[in-house]
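Residue 1 is where the sequence shown starts when you use the UniProt record's numbering, and the numbers rise one by one after that.
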Amino acid sequence: MNNRKHDERCPLIVIHNITRLTTNEIERYCRKYDKNLRCFRRKNQYNHQYMLVLFSSMITANQYLNDRPHFIQNCRINTSLVSESFYGPKFLCVQINKYASITEDCLYEYTTKHFGRILNCVFYNFRGYAFIEFDQLDDAQRALSSSNNEINGCKFQYYPRHNNSNKILPSLPLTKLVHIGNFLSKDQDKFLNYFPNLQNFTTHESCYGEIYILGLFNINDSIELLLKRPFFLNGRILNIFIDIDDKLTECNNYLLVRNVTYRLTDYNLFEYFSKFGYILNCYRYGQTNAYRIQYRDRISLHKVLQFNRIHVIKSVQLQIEEE
């Protein structure tokens, strides 16, 4: 029940067809509906890019969804709630020969012209089918009863999409596996109090003998967890990231700090390097004398690199480089 209320308060929307758009372009467009939203660019195992947008309320999310379809820089995007089911009377399939000269935009324009407003149109050319979501049920039924549909000399047909037709749109998992590192066994008693939305977790040991947690979170909770970084526990900074992350967003902004003696703590480095920008993670690289510091943006990373490659903390001379 708590998760359901949380999802309604901070709805998560997924946006597809973003290959030609930058993260800033999408975020700038979406902020017309909600100034407090956050965007995360992602990529699945099939190399398909998509954007997760965390809205601050269901009211602003509904305003955004009601205005579909959306166009950014003349590029039409497909968008829906992550928790939304992708079947029903308004959802149709289209079977098309994968060698046909039909594009997603052609299919969108044809369907809109002949049958009415559609909210989403996703065409998987290499698989030979498309997924279409209509705004009105009557328009979807007219498309179903139609015949002799043709684009560029290629004929196709609309079919109903039943609840077992899961292959049309790759489903987005509603939970995320989160890696929580820089963790000590003695911390386990405080762990559940520190992360109350944690659904389940397992404890692991790395090749360096370090303890880390793999925890299962609701997808909304996992996004908010990333937004709240850094986390401090008993004088240490917990290293938190989505397990098997796609590294398309802020995850690339790593600074490697060498020659870090053990008399320097996580907080010493965090306090010093925070003056160059917002830090998400700061932890020792295994049992070496190196630290990894993850900035939220590349501007901060470039700022510290341009300032100097040699830094001194408590008389310890440190060398830095971009990882």
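Don't be surprised by glycine CBs; every beta carbon is placed ideally from N, CA and C. Because the structure is a prediction, the values reported are computed rather than measured.
Fill in: the region 189-199 / the region 147-154 touching (three or more Cβ pairs under 8 Å)
no
Practice prompt. Please list, in chain order, all residues of the same chain as Tyr-285 whose beta carbon is under 7 Å from its beta carbon, the five residues on each side excluded.
Written response: Tyr-291 and Arg-292
Item to complete: Sort out for me which residues DSSP pairs residue 331 with in a bridge.
Response: Because the chain spans 1 through 323 in this model, residue 331 falls outside it and cannot be assessed.
Worksheet item: So, is Gln-294 buried or exposed, given that buried needs 16 or more other C-beta atoms within 10 angstroms?
Response: buried
Discussion item. For residue 337 and Lys-275, I'd like the C-alpha separation in whole angstroms.
Written reply: This structure cannot settle anything about residue 337, because the visible part of the chain is limited to 1 through 323.
Discussion item. Among the candidates Glu-323, Cys-75, Thr-111 and Leu-318, whose CA atom is the shortest distance from the CA of residue 331?
Written reply: Outside the displayed range of the chain (1 to 323) lies residue 331, so it cannot be described from this structure.
Fill in: Same chain only: Cβ atoms within 7 Å of Tyr-33, ignoring 5 sequence neighbours per side
Thr-60, Gln-63 and Tyr-64
Discussion item. Do Pro-11 and Leu-92 count as a contact pair if the criterion is CB distance below 9 Å?
Written reply: no
Fill in: Selection from Ile-310, Tyr-212 and Lys-303 that minimises the alpha carbon distance to Asn-259
Ile-310
Discussion item. Can you look up Phe-71 in the DSSP assignment and give me helix, strand or coil?
Written reply: strand
Discussion item. Going by DSSP in three states, Tyr-262 sits in which element: helix, strand or coil?
Written reply: coil
Item to complete: May I ask you to report which of helix, strand or coil DSSP gives Gln-287?
Response: coil
Practice prompt. Have a look at Val-312 and Val-304 and give me their C-alpha separation to the nearest angstrom.
Written response: 13 Å
Worksheet item: For the beta strand (DSSP E) that contains Lys-43, what are its first and last residues?
Response: 38-43
Discussion item. How far does the alpha helix (DSSP H) with Ile-59 in it extend, from its first residue to its last?
Written reply: 58-66
Worksheet item: Around the C-beta of Leu-137, are 16 or more other C-beta atoms found within 10 angstroms, so that it is buried, or is it exposed?
Response: exposed
Worksheet item: How would you write the range of the beta strand (DSSP E) that Arg-298 sits in, first residue to last?
Response: Counting along the chain, Arg-298 falls outside any beta strand (DSSP E), though it belongs to the alpha helix (DSSP H) covering 298-307.
Fill in: Stretch-stretch touch, CB-based, cutoff 8 Å, three pairs: the region 95-107 with the region 35-55
no
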